[in-house]
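K.L.:
Here the numbering used here is used: the first residue of the sequence shown is 475, the next is one more, and so on. Where is the CB? At the ideal position from N, CA and C, for every residue including glycine. Predicted model, so just to flag it, every value in this text is computed and none were measured. Starting off with a structure, shown below.
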Amino acid sequence: MTQEGFFGLVGHQLRSDLASAPATARRWLSEGGRAERCLNIAELRALARRRIPRAVFDYVDGAAGDELTKARNEADLRGIAVIPRMLAGLTEVDLSTTVLGQRIEVPLLGAPTGTTGLVHHEGEVGIARAVHSAGGVYVLSSSGSRGIGELAQLCPGPRWFQLYVARDHDLARQLVELASEHGYSALVVTVDVQRSGRRERDLRNGFTVPPRVTARSLAQGLRQPRWSFNFVRRPRILSEAALTAARTEAQAVSLVERINRQFDPALSWNDIAWLQEQWSGPILIKGLLRVDDARQAARMGLAGVIVSNHGGRQLDQAPSSISALPGIVDAVGSELEVYMDGGIRRGVDVVKALALGARACLLGRALVYGLGAGGEAGARHAMSLMVDELRLAMTLAGCGSVRELDRSWLRMTPEAERSAAWSTS
Ligand SMILES: Cc1cc2nc3c(=O)[nH]c(=O)nc-3n(C[C@H](O)[C@H](O)[C@H](O)COP(=O)(O)O)c2cc1C
Numbered sequence: 475m476t477q478e479g480f481f482g483l484v485g486h487q488l489r490s491d492l493a494s495a496p497a498t499a500r501r502w503l504s505e506g507g508r509a510e511r512c513l514n515i516a517e518l519r520a521l522a523r524r525r526i527p528r529a530v531f532d533y534v535d536g537a538a539g540d541e542l543t544k545a546r547n548e549a550d551l552r553g554i555a556v557i558p559r560m561l562a563g564l565t566e567v568d569l570s571t572t573v574l575g576q577r578i579e580v581p582l583l584g585a586p587t588g589t590t591g592l593v594h595h596e597g598e599v600g601i602a603r604a605v606h607s608a609g610g611v612y613v614l615s616s617s618g619s620r621g622i623g624e625l626a627q628l629c630p631g632p633r634w635f636q637l638y639v640a641r642d643h644d645l646a647r648q649l650v651e652l653a654s655e656h657g658y659s660a661l662v663v664t665v666d667v668q669r670s671g672r673r674e675r676d677l678r679n680g681f682t683v684p685p686r687v688t689a690r691s692l693a694q695g696l697r698q699p700r701w702s703f704n705f706v707r708r709p710r711i712l713s714e715a716a717l718t719a720a721r722t723e724a725q726a727v728s729l730v731e732r733i734n735r736q737f738d739p740a741l742s743w744n745d746i747a748w749l750q751e752q753w754s755g756p757i758l759i760k761g762l763l764r765v766d767d768a769r770q771a772a773r774m775g776l777a778g779v780i781v782s783n784h785g786g787r788q789l790d791q792a793p794s795s796i797s798a799l800p801g802i803v804d805a806v807g808s809e810l811e812v813y814m815d816g817g818i819r820r821g822v823d824v825v826k827a828l829a830l831g832a833r834a835c836l837l838g839r840a841l842v843y844g845l846g847a848g849g850e851a852g853a854r855h856a857m858s859l860m861v862d863e864l865r866l867a868m869t870l871a872g873c874g875s876v877r878e879l880d881r882s883w884l885r886m887t888p889e890a891e892r893s894a895a896w897s898t899s
C-alpha cells in the first residue's frame, strides 16, 4: 500500500468513527449498552454485581449451606467433554425442537425465579420478553413479582406456570384456575421446597422481602442510585398471589420465614393426584433427582420431569443435576419428557444436557444476571449469548440438529462418570 493510500484509509476510518460517535456514546452510557458489551454470562454476572445492591446480588447468586451443590452443578457439566465430528457437511444447524408437542426455536426455557423485580424493575417481564424473542418458553414463578394475568398480557409468547403448592390448597386451586384462564399451557409443580434451604448469604445480609430500610440497606442503596431510583419509583417485589400465599401483608419478613409460612413440608404424591383433578393440561414435576421418584411421576401419567436441585439453593450436597440426568432418562425417557436445569452458563453446556437426553434446559441465574446487568436489554443479551454459543458449539461439533444429539458426542471424565453411576441407583 502506498503512503497516500494508507492515509486515505485512516482518514476514512476516522470520518466514519466520528459519524457514529453519538450513537456509540449513547450505547456506552446506556444501561443496556454496557450489558451488551459483555462477552459471556460470567461478565454479565460481574456487571450485575456492580449494579445491584449486595444483598440482592447475593440472593440471586447464593445457594444453600457451603454452596457445594451449586458448585457441583457447574463443575460436573465442565467435567464432560464434547467429541466433535469432522467433515460432517453441515449446511445449517437446526436448534428447534418440540416441548409437550409445541415447536420452539431454541431448546431453552426461562426458569421460574421468585421476586425477580428486586433485581430490576422490569423483572419477569424483561426475562420473558428475552426468552420469547429467542423462541423459547417462559415459566412464571408463583412467587414472582408479576401476576399471572399481568405477565400474560405483557408477554403473550409461550408460557408455563410454576406452582408452589401452598398449605392452603384453596389458593393453589385459584392460581391454577387463573393460569388456565390466561393461557399458560403447562403446570410445573416445584417439589423441592418443603422448607427453605439455609442460604447463609441471605442470613448474613439480613435479607428480607421486601427489603427492610436499615442503615445498611440505605448505604447499599446510595451506592446504587440507578437501582434505588427505579426501586422507589416502580417497586415490583411480590405479586398479589405471592403475598397471599405467604399469608403476609407487605411487611418485611426474612425470606426463610416467608417460605416456611407458605410451604407445606407434608406435600406428597397425593397432592399431585389432587392437582391432576384441578388442571386438565400437562403437569411437570420440578426438583427430582432420583430414579424412583421419576418412575412414580411416569406411573401417575405426568407429562414431564425437570431434573433439578433448585440451583443448589435447597439441599446442599445433593448431586448435580447433570449427574442425575442420564439415570432418569434411561428409566423414564420413553414415557415422559425429561428437562434439566442447574449450572448452565455456556451454550455448550446445553449440548451436553441434550446429548444426555434432556429435551430442553431451563436457564436460571444466567438470565437473572443479564437482567441485573442491564434490565430487559441485558436479559436479551444473555439469551442471545446462550443461543449463539449453542449454535457455534453445534457447528464445531458437527451436529446439524439438537434432536440428533446423543451420548456418542460425549466423553465423561472419570469423576463425572463415577458421580453419574452413583445417582442412577
Ligand atoms: C433468584 C432465584 C429465584 C428462584 N426462584 C424459584 C421459584 O420461585 N420457583 C422455582 O421453582 N425455582 C426457583 N428457582 C430455581 C430455578 O428455577 C432453577 O431451578 C435454578 O436457578 C437453576 O439453576 P441455575 O441458576 O444454575 O441455572 C430460583 C432460582 C434463583 C436463582
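I'd like the span of the alpha helix (DSSP H) that includes Q770, first residue to last.
P.N.:
Note, Q770: alpha helix (DSSP H), 765–773.
K.L.:
Which residue from A529, G507, V842, L776 puts its Cα closest to that of V663?
P.N.:
Of the listed residues, the one whose Cα sits closest to V663 is L776.
K.L.:
Whole beta strand (DSSP E) runs in the stretch 631–707 with 3 or more residues, listed along the chain?
P.N.:
The qualifying runs are 633–637, 661–664.
K.L.:
Quick one: any contact between the stretch 837–853 and the stretch 502–516, if contact means 3 or more CB pairs under 8 Å?
P.N.:
They touch, by the three-pair rule.
K.L.:
Straight-line CA distance for L592 to G852?
P.N.:
Near 15 Å, if we compare the C-alpha coordinates of G852 and L592.
K.L.:
Return yes when the Cβ of A716 is within less than 8 Å of the Cβ of G618, no when it is not.
P.N.:
Yes, they are a contact pair.
K.L.:
Shorter than 7 Å, the distance from the beta carbon of I818 to the closest heavy atom of ligand 1, or not?
P.N.:
Within the cutoff, so yes.
K.L.:
Exposed or buried, what is N744 when buried is set at 16 or more other beta-carbons lying within 10 Å of its beta-carbon?
P.N.:
The residue in question, N744, is exposed, as its Cβ has fewer than 16 Cβ neighbours within 10 Å.
K.L.:
By how many angstroms is the C-alpha of G623 removed from the C-alpha of G631?
P.N.:
Those two C-alpha atoms are separated by around 13 Å.
K.L.:
Over the uninterrupted alpha helix (DSSP H) stretch that includes I757, give me the two end residues.
P.N.:
It is not in any alpha helix (DSSP H) - I757 instead sits in the beta strand (DSSP E) that spans 757–762.
K.L.:
Along the chain, where does the beta strand (DSSP E) that runs through T572 open and close?
P.N.:
571–573 is the extent of the beta strand (DSSP E) around T572.
K.L.:
Nearest CA to the CA of S795: which residue from A771, R773, L828, E751?
P.N.:
Of the listed residues, the one whose Cα sits closest to S795 is L828.
K.L.:
How would you label W634, buried or exposed, when you count the other beta carbons within 10 angstroms and need 16 or more for buried?
P.N.:
W634 comes out buried.
K.L.:
Within the present structure, is the beta-carbon of L837 separated from the nearest heavy atom of ligand 1 by less than 7 Å?
P.N.:
Answer for L837: yes, Cβ within range of ligand 1.
K.L.:
Is the distance from the Cβ of V842 to the Cβ of A871 below 8 Å?
P.N.:
Cβ distance not < 8 Å, so V842 and A871 don't count as in contact.
K.L.:
For A608 versus G657, is the C-beta distance shorter than 8 Å?
P.N.:
No. Outside cutoff.
K.L.:
Which first and last residues belong to the alpha helix (DSSP H) in which R487 is found?
P.N.:
Here residue 487 is Gln; the residue named in the question, Arg, does not match the sequence. Q487 -> alpha helix (DSSP H) spans 477–493.
K.L.:
Buried or exposed for P888, please, with buried defined as at least 16 other CB atoms from any protein chain shown within 10 angstroms of its CB.
P.N.:
Exposed is the call here.
K.L.:
What did DSSP end up calling V780 once you bin it into helix, strand or coil?
P.N.:
Here residue 780 is Ile; the residue named in the question, Val, does not match the sequence. I780 falls in the strand class under three-state DSSP.
K.L.:
Quick one: does the C-beta of T587 sit closer than 7 Å to a heavy atom of ligand 1?
P.N.:
T587: yes, Cβ under 7 Å from ligand 1.
K.L.:
Just checking, does the stretch 640–652 make contact with the stretch 680–689 on the three C-beta pairs under 8 Å criterion?
P.N.:
No, the stretch 640–652 is not in contact with the stretch 680–689.
K.L.:
Name the DSSP beta bridge partners of E811, please?
P.N.:
BP columns for E811 point to G778.
K.L.:
Using 8 Å as the Cβ pair cut-off and three pairs as the minimum, do the stretch 785–804 and the stretch 519–529 touch?
P.N.:
Not touching, per the Cβ criterion.
K.L.:
Could you check if Y843 belongs to the surroundings of ligand 1, using beta carbon to heavy atom distance under 7 Å?
P.N.:
False, no ligand heavy atom lies under 7 Å from that Cβ.
K.L.:
Select from L749, L574, L729 the residue whose C-alpha is nearest the C-alpha of S670.
P.N.:
Cα-wise, what sits closest to S670 is L729.
K.L.:
Going by C-alpha to C-alpha distance, which of W883, I554, D642 sits closest to R735?
P.N.:
Closest option to R735, Cα to Cα, is D642.
K.L.:
According to DSSP, simplified to helix, strand and coil, what is M886?
P.N.:
M886: strand per DSSP, three-state reduction.
K.L.:
Heavy atom of ligand 1 less than 7 Å from the Cβ of V806, yes or no?
P.N.:
V806: no, Cβ never under 7 Å from ligand 1.
K.L.:
Provide the residue(s) that pair with D568 in DSSP beta bridges, ordered along the chain.
P.N.:
Bridge partners of D568: S875.
K.L.:
Would you mind sorting F481 into buried or exposed? The rule is 16 or more other CB atoms within 10 Å of its CB.
P.N.:
Answer is exposed; the Cβ neighbour count stays below 16.
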